[in-house]
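Below is one structure, written out as structure tokens; comments come after it.
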Amino acid sequence: MSLRTSDASKKCVQMEQRVNLKFLFKLWKTFTEAIAMLKEVYGNKCLSRRQVFEWFRRYKEGRETTDPKDDPRPGRPLTSKTDENIENCSTLEFFAYRRKAIEAIPSHPIGKL
1 MSLRTSDASK KCVQMEQRVN LKFLFKLWKT FTEAIAMLKE VYGNKCLSRR QVFEWFRRYK
61 EGRETTDPKD DPRPGRPLTS KTDENIENCS TLEFFAYRRK AIEAIPSHPI GKL
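Residue numbers (UniProt numbering): 1 to 113.
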């Protein structure tokens, strides 16, 4: 139970730091000034220099949110669950089942292939 609490607490502190970092960015603070202020406030719980730089870059590029879940994910987007694709899969499964059923009948011409 304490592991979950500490993990949730850590995520909360990280989110708080990202919000504060965004505030500092909007105040036209430099990266160096921002990291110095974060280290002064959070001490050893401060985001790493790399993480601060990455978030600073994102805000510079126009990002508005502070939640990392909004980042684009790698890989192919989920497009397979369209009605057309589901119908095609159902049809293919039906014909595959039908073919297996026919092949199970030894006297049927397709079963001899």
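Glycine included, each C-beta is placed from N, C-alpha and C at the ideal position.
Residue i, enclosing alpha helix (DSSP H) - first and last residue
i	result
W55	R49 to K60
K39	F31 to Y42
Where residue i falls: helix, strand or coil (DSSP)
i	result
D67	coil
L27	coil
C46	coil
Spatial neighbours of residue i in its chain, beta-carbon cut-off 7 Å, leaving aside the 5 residues before and after
i	result
Y59	K22 and F25
S6	none
Spatial neighbours of residue i in its chain, beta-carbon cut-off 8 Å, leaving aside the 5 residues before and after
i	result
K39	C46
Y42	V13 and Q17
E33	L24
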